[in-house]
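> Residue numbers (the working numbering), protein chains in the order written: chain A, 1 to 330; chain B, 1 to 330.
By construction, the Cβ of each residue, glycine as well, lies at the ideal position given by its N, Cα and C atoms.
All figures in this text were calculated on a predicted structure; none of them were measured in a lab.
Right, I'll just put the structure down here and ask away after.
Number of protein chains: 2
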Amino acid sequence: MKKILNDPFSYVDEMLEGLCAAHPEFYAQPEPRVIARAGGVTQGKVGIVTGGGSGHLPIFTGYVGKGLLDATAIGDVFASPSVDQMAAAMRQANGGAGILRLYGNYGGDVMNFDMAGEMLEMEDIPSTTVVLADDIVSAPPEEAAKRRGVAGMVYAFKCAGAKAEEMADLAEVTRVAQKTADACRSIGMALTSCTVPQAGKPTFEIGDDEMEMGMGIHGEPGIWRDKLKPADAITDEMIDRLLADMPLGSGERISLLVNSLGATPPEELYIMYRRAKARLEDAGITIAVPLVGRYATSMEMTGATLTWCRLDAELEALLKAPAACAYWTV
Amino acid sequence: MKKILNDPFSYVDEMLEGLCAAHPEFYAQPEPRVIARAGGVTQGKVGIVTGGGSGHLPIFTGYVGKGLLDATAIGDVFASPSVDQMAAAMRQANGGAGILRLYGNYGGDVMNFDMAGEMLEMEDIPSTTVVLADDIVSAPPEEAAKRRGVAGMVYAFKCAGAKAEEMADLAEVTRVAQKTADACRSIGMALTSCTVPQAGKPTFEIGDDEMEMGMGIHGEPGIWRDKLKPADAITDEMIDRLLADMPLGSGERISLLVNSLGATPPEELYIMYRRAKARLEDAGITIAVPLVGRYATSMEMTGATLTWCRLDAELEALLKAPAACAYWTV
Chain A
1 MKKILNDPFS
11 YVDEMLEGLC
21 AAHPEFYAQP
31 EPRVIARAGG
41 VTQGKVGIVT
51 GGGSGHLPIF
61 TGYVGKGLLD
71 ATAIGDVFAS
81 PSVDQMAAAM
91 RQANGGAGIL
101 RLYGNYGGDV
111 MNFDMAGEML
121 EMEDIPSTTV
131 VLADDIVSAP
141 PEEAAKRRGV
151 AGMVYAFKCA
161 GAKAEEMADL
171 AEVTRVAQKT
181 ADACRSIGMA
191 LTSCTVPQAG
201 KPTFEIGDDE
211 MEMGMGIHGE
221 PGIWRDKLKP
231 ADAITDEMID
241 RLLADMPLGS
251 GERISLLVNS
261 LGATPPEELY
271 IMYRRAKARL
281 EDAGITIAVP
291 LVGRYATSME
301 MTGATLTWCR
311 LDAELEALLK
321 APAACAYWTV
Chain B
1 MKKILNDPFS
11 YVDEMLEGLC
21 AAHPEFYAQP
31 EPRVIARAGG
41 VTQGKVGIVT
51 GGGSGHLPIF
61 TGYVGKGLLD
71 ATAIGDVFAS
81 PSVDQMAAAM
91 RQANGGAGIL
101 RLYGNYGGDV
111 MNFDMAGEML
121 EMEDIPSTTV
131 VLADDIVSAP
141 PEEAAKRRGV
151 AGMVYAFKCA
161 GAKAEEMADL
171 AEVTRVAQKT
181 ADACRSIGMA
191 LTSCTVPQAG
201 KPTFEIGDDE
211 MEMGMGIHGE
221 PGIWRDKLKP
231 ADAITDEMID
241 RLLADMPLGS
251 GERISLLVNS
261 LGATPPEELY
271 IMYRRAKARL
281 EDAGITIAVP
291 LVGRYATSME
301 MTGATLTWCR
311 LDAELEALLK
321 APAACAYWTV
């Protein structure tokens, strides 16, 4: 395992210690596995909480900040946080206006966050849930509720975060989060695996000349595995699959996120973005807010994901509203 | 070669096309291998130009922006730009107040930028040079002028850029750039190689359980190669070597940059930062402006570098002055 670490079992805690030490203007650590805004809770504002496994920076923890999230619960690498950790994160985000739980559709996260919500209800802290399920490969359209959540979370954090910052009520923030979730579609492809520190070996094996289309961010199986194709062919297939799942008409506006799974450098993302933009513009679609970089990763995994968020005037304005965390400033 | 690309020979040009398409608010491409500020030149301001090989994003091109650079000349991967490309970048940065050439100490870059400076002199555009030579492993202290420039460039771009934004004259901007260069020290370590697209195979071979201390960002040989050590031991040795080269006393202030060479994820950088901070604070040193992330990379190389910039009131204020590019907002 080629990683710069001490003990695999202290990986997450040492990472969090360094994260908060490096960015004290953004992150506070009120409990060992909870990160909250450094400035504390905003009274009267809806709190937005997320949570999930470690190893995906900036997701989840990195998006705690003004115009984004209020707190996050942090699990081990690729593992759900506990019910208690989620409940603790929710208490940290409680400004008296209710809490939105906003996270990716993974079994353990859903189960634990539901139980945490019930715990908080007994403390008279109301909460709602919006779950991201944007990975089109993970289930067919007729079973869209079974899909996994991936980089679409970034859009949901941003738009719901901006709405909460306007001091909208819990129903409104929840509506915006669900609308954003519904507007997002993602597809990924991977070239190499990552290694979970506590496992010590790659999650999956793949040939030196192979790629896998549609692979999930934890190494979940994709659609096909074959010889590595050229960037334009890869991008074309990803765009075609996204369009088949959510047809877009001429004149529509989207934000497109070309995201690295970690090791894939920005140089390659730009080669993909160039092609994706040309393809979409040929179809009369405008990319209003392009995002290219590392927004949702799997440590040192090689590969990329494409996500789009279909925009209307409301979502575009929320996407362009000010926000600030250590990884993203708008 | 596991990269998402089309033709290795179009890698740089397609990357630049995507970069400018993704970030039109920051970058313009007045010539095929020149990137300049999207907003055009600022009349009366000293222009700051850099240049170097591709494959190091955000260095060099990414740091074009307000409070940072004015233009950059872009070579092939790990190759110097041509004299003509450098001269063209200098013309793009010319606001009538002279130009600072600010780049890393590599033979081809120095030779070509000197010739470009002579060409511009014949066009009555004066320029000065400051060369970064911050990699302490690349030559002993008595031959410090032979050292290579690495992530210290980030500090020089930032501080000189902030000074130029104050509309200081060329002598003053040059003084600040040289002062910053003199205040920086770096050391790197690598776990795996990257692959230059046109070469098609890794620059160097290294065992599955090995690391190399002191390796340069293009794979230049380091001090030792041995079994991978724990993060704290690696960090301790890097800090010790930096302190041996530039002793710091109790009460001093520095900015510390923990930089990924590309594939190493932020999680591991934070584990290193945590240790480096503890070591430096034990010695009475304050880290005033911590930077942790990908600031100077080698595509998908695995490894990290530590850089510090010794601060006085002037440099600290310049480091904290506003700046904005696609990779860094202050």
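1. Can you look up residue 186 (chain A) in the DSSP assignment and give me helix, strand or coil?
2. At what residue ranges does the region 150-204 of chain B contain a whole run of the beta strand (DSSP E), taking only runs of 3 or more?
3. Could you tell me how far apart the beta carbons of residue 197 (chain B) and residue 77 (chain B) are, in whole angstroms, since I believe they sit closer than 8 Å?
4. Could you check if residue 286 (chain B) is buried or exposed, using at least 16 other CB atoms within 10 Å of its CB as the buried criterion?
5. With DSSP as the reference, label residue 320 (chain B) as helix, strand or coil.
6. Closer than 7 Å by beta-carbon distance: list the chain A residues that pair up with residue 299 (chain B), in chain order.
7. So, is residue 226 (chain B) buried or exposed, given that buried needs 16 or more other C-beta atoms within 10 angstroms?
8. Which chain B residues sit within Cβ distance under 9 Å of residue 230 (chain A)?
9. Check each residue of the region 287-312 of chain A: if its Cβ is closer than 7 Å to any Cβ of chain B, include it; give the result in chain order.
10. In this structure, what does DSSP give as the bridge partners for residue 301 (chain B)?
11. Confirm, please, whether the CB-CB distance from residue 66 (chain A) to residue 195 (chain A) is below 8 Å.
12. Roughly how many whole angstroms lie between the Cα atoms of residue 249 (chain A) and residue 309 (chain A)?
13. Which of the three DSSP states is assigned to residue 212 (chain B) in this structure?
14. Mapping the DSSP letters down to three states, classify residue 28 (chain B) as helix, strand or coil.
15. If contact means a Cβ-Cβ distance below 7 Å, which residues of the region 185-202 of chain B contact chain A?
16. Cβ closer than 9 Å: which chain A residues qualify as neighbours of residue 320 (chain B)?
17. Residue 241 (chain B) lies in the alpha helix (DSSP H); which residues open and close that run?
18. Would you kindly check if the distance between the Cβ of residue 297 (chain B) and the Cβ of residue 262 (chain B) is under 8 Å?
19. In the region 124-135 of chain B, which residues sit with their C-beta less than 7 Å from some C-beta in chain A, listed in chain order?
20. Drop a sphere of 10 angstroms on the beta-carbon of residue 238 (chain B), count the other beta-carbons inside from all chains shown, and report buried for 16 or more, exposed for fewer.
21. Hey, which unbroken runs of the alpha helix (DSSP H) at 4 residues or more fall wholly within the region 54-123 of chain A?
22. At the level of alpha carbons, what is the spacing between residue 200 (chain B) and residue 1 (chain B)?
23. Using the Cβ count rule (16 or more neighbours within 10 Å means buried), how would you classify residue 9 (chain A)?
24. Please state the DSSP three-state secondary structure of residue 277 (chain A).
25. Report the residue from B:37, B:15, B:93, B:145 whose alpha carbon sits nearest the alpha carbon of residue 57 (chain B).
26. Does the distance from the C-beta atom of residue 98 (chain A) to that of residue 44 (chain A) stay below 8 Å?
27. Can you name the residues of chain B whose CB is closer than 7 Å to the CB of residue 270 (chain A)?
28. For residue 241 (chain A), go through chain B and note every residue whose CB falls closer than 8 Å to its CB, in chain order.
29. Can you tell which of A:168, A:143, A:82 has the C-alpha that lies nearest to the C-alpha of residue 100 (chain A)?
30. For residue 282 (chain B), which of helix, strand or coil comes out of DSSP?
31. Give the DSSP-derived three-state secondary structure of residue 271 (chain B) in the structure shown.
32. Can you tell me where the beta strand (DSSP E) with residue 293 (chain B) in it begins and where it stops?
33. Can you tell me which of B:12, B:170, B:268, B:183 puts its alpha carbon nearest to the alpha carbon of residue 366 (chain B)?
34. What are the boundary residues of the alpha helix (DSSP H) that includes residue 19 (chain A)?
35. Do residue 222 (chain A) and residue 135 (chain A) have their C-beta atoms within less than 8 Å of each other?
36. Per DSSP, which residues does residue 34 (chain A) bridge with? Please list them.
So, to answer that:
1. strand
2. 184-192
3. 6 Å
4. exposed
5. helix
6. 265, 267
7. exposed
8. 4, 5, 6, 7
9. 290, 292, 297, 299, 300, 302, 304
10. B:262
11. no
12. 14 Å
13. strand
14. strand
15. 191, 192
16. Near residue 320 (chain B) there are no residues of chain A at all, since even the closest Cβ is about 12 Å away, more than 9 Å.
17. 231-245
18. yes
19. none
20. buried
21. 83-92, 107-122
22. 6 Å
23. exposed
24. helix
25. B:15
26. no
27. 15, 18, 19, 22
28. Within chain B, no residue comes near residue 241 (chain A); the closest Cβ sits about 16 Å away, beyond 8 Å.
29. A:168
30. helix
31. helix
32. 291-293
33. This structure cannot speak to residue 366 (chain B), because chain B is shown only from 1 to 330.
34. 11-22
35. no
36. A:31, A:73
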